[in-house]
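Quick note: the sequence shown uses my numbering, first residue 486, plus one each step. Built from N, CA and C at the ideal position, the CB exists for glycine as well. Report on one structure; see the data block that follows.
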Amino acid sequence: MPAWRTISLWMDQLDEPLLARPALAEDLDVDVAIIGAGYTGLWTAYYLKLQAPGLKIAIIEAHTAGFGASGRNGGWLMGNLLGEDRLLADLPPGQRRASYDLLHNIPGEVEIVLEREGIACDYRKGGVLYCAARYPEQETSLRQYLDSLYKQGLNENDYRWLNPGQLAQQIRIAKPYGGIYAPHVATLHPAKLVRGLARTVERMGVRIYENSPVTHWQAGSLRTAQASVRSRWVVPAVEGYSVTLPPLGRYQLPVQSLIVATEPLSAAIWDEIGLSNGQAFSESSRQVTYGQRTADNRLIFGARGGYQFAGKLRHDFNLTRSEIELRRYLFGELFPQLKNVQITHGWGGNLGMSRRFKPHMLCDHASGIALSGGYGGEGVGASNLGGRTLADLILQRDTELVHQPWVIPRRGLDALRAWEPEPCRWLGYNAIIRSFVHEDQTLANPATARWRRKLASGVAGFMEGFMH
């Protein structure tokens, strides 16, 4: 039996035997074949069955439900989509507002399903705190971001500035410059969600086959080592594992994010820190940090990981000492009382990144291929939106979901922007990340001259522009 419990803290905490479902052992003929029993595949199956109970749906999973990013992420259920401000910028104001409302309601939609289906996953809708925390430039960049959101028609009900005193009512950090509070984010236990969704769709009549890696796929069919599946629709829902299903790896590259979890912290420590309502939090740097207080009072804290040459998957997520200590340093800067706390778990996962950081939901009725991905690390919520959208597209339902700017109807994979060939990708990624690290180190040192601070931020901002 694979050591699935070692995947993450979340999988380790599951109060259930991690027994594999049967592998695909005989040929199938179905209406919809979904590759991958993660969030996207399960949500797609759920909404398809909800609206068309008679559909024959099979999910073919290489490992087990929750093996990929769905069982490894930081537990942020965001009412957002990566790059939403750029995607919605050209829409008329009324339509733009409606699209933002659609996104902001993602946690509410998930909560409805959790209650309806009896899925217990520590759901808490406490919002998110984007903190200006380690150097004053963070306040400047956050205020500029807030101004840009207001110019798009959003208001204080969507995103609200908190001065240091207001921020301290929710989270108490060592060097508060202020922050942004947004209510449309919840935190949850990722593995409980993905495992609960798998059981739910099975009750609805969806068949899930585990330990069945797909060796070949095309329009209308797929194969594993033991059997074949014929299907009117094929939905490759693999996100960070797209490189295993050519040619998807040209359009969604795997990058890694790495997370640590502390031991459960005492009530006295949490009284010092706050986060009493399930809030998510981040400190606003290009290190891309994210954290939450778990239901059992641990601190979960993650930050940007890496990219491997040629888009190779990372399989070994036993974090190195330096990987752990970087995350300890970052959360220790926020909460000095935790600098020497015991870290009980360290793990990571592969997530999917599309060119220009543009998530996509694609449905080609001619070939029978439907795809949602490129979430860029924000997939807990975006996958629910993707699953709902793919279901409506496949069933040809004329809803608000199918008319959004991230939806690509009636076109195949060639509608997606491909990544540049190697070594351009690897060289570009490393140059960009090094500029981010240099900026962070420069700004975190209060003795750094002002001109050096401006130069470091200017270079990092310039380099970041190549990612869009």
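Residues Asp514, Ser706 of the same chain have their beta carbon placed closer than 6 Å to that of Arg715, with the five preceding and five following residues left out of the count. Under the DSSP assignment, Gly866 falls in the alpha helix (DSSP H) whose first and last residues are 864 to 879.
The Cβ atoms of Gln655 and Glu757 do not sit closer than 8 Å to each other. Where Arg771 is concerned, there is no enclosing alpha helix (DSSP H), because DSSP gives it neither an H nor an E.
Taking 8 Å as the cut-off, the beta carbon of Pro698 is found closer than this to the beta carbon of Thr709. When secondary structure is reduced to three states using DSSP, Trp904 falls in the coil class, being assigned neither helix nor strand. For Asp570, the closest C-alpha among the options Leu634, Ala795, Gly553, Leu535 is that of Leu634. In the structure shown, Gln889 adopts coil according to DSSP, grouped into three states. Secondary structure at Gly556: helix, using DSSP grouped into helix, strand and coil. Minimum Cα-Cα distance from Asp925 among the listed residues Pro668, Glu768, Val892 corresponds to Glu768. Of the residues Arg771, Arg645, Ala855, Glu748, the one whose Cα lies closest to the Cα of Arg896 is Ala855.
Per DSSP, the beta bridge partners of Phe766 are Leu614, Gly776. DSSP lists no bridge partner for Gly913. The criterion of a C-beta distance shorter than 8 Å is not satisfied by Asn590 and Gly560. Straight across, the Cα-Cα distance linking Gln737 with Gly725 is about 7 Å. Residue state for His589 is assigned as helix, using DSSP reduced to three classes. Between the C-alpha atoms of Glu687 and Gln623 there is a straight-line separation of about 46 Å.
His800 counts as exposed, since fewer than 16 other beta carbons sit within 10 angstroms of its beta carbon.
Look at Phe802 here: in three-state DSSP terms it is coil, with no helix or strand label. In this chain, the beta strand (DSSP E) harbouring Arg717 covers 713 to 721.
Residue burial annotation: Ile597 is exposed, with fewer than 16 other C-beta atoms found within 10 angstroms of its C-beta. With a threshold of 16 other beta carbon atoms within 10 Å, Phe947 falls short and is exposed.
Per DSSP, Val517 is not a residue of any alpha helix (DSSP H); the beta strand (DSSP E) it occupies stretches across 513 to 520.
The alpha helix (DSSP H) runs lying completely inside the segment 680 to 717 and spanning 4 residues or more number zero. A direct Cα-to-Cα measurement between Val740 and Trp489 gives close to 21 Å. A direct Cα-to-Cα measurement between Val679 and Phe802 gives close to 20 Å. If you draw a straight line from the Cα of Asp500 to the Cα of Cys606, it is about 12 Å long. Selection Leu730, Glu546, Leu588, Gly759 evaluated against Glu695 yields Glu546 as nearest (Cα-Cα). The segment 805 to 813 makes no contact with the segment 900 to 912; the number of CB pairs closer than 8 Å stays below 3.
Between the alpha carbons of Tyr524 and Pro906 lies a gap of roughly 29 Å.
Across the set Pro908, Gln498, Leu494, the C-alpha of Pro908 shows the shortest separation from the C-alpha of Phe794. Checking the DSSP bridge columns, you'll see Val740 partnered with Leu836. Relative to the Cα of Asp643, the nearest Cα in the group Glu818, Tyr630, Ala653, Gly650 belongs to Tyr630. A distance of 8 Å or more separates the beta carbons of Glu602 and Asn869. Straight-line measurement puts the Cα of Gly862 at about 16 Å from the Cα of Val613. Judged by beta-carbon spacing, Arg783 lies beyond the 8 Å limit of Leu760, meaning their Cβ atoms are not closer than that value.
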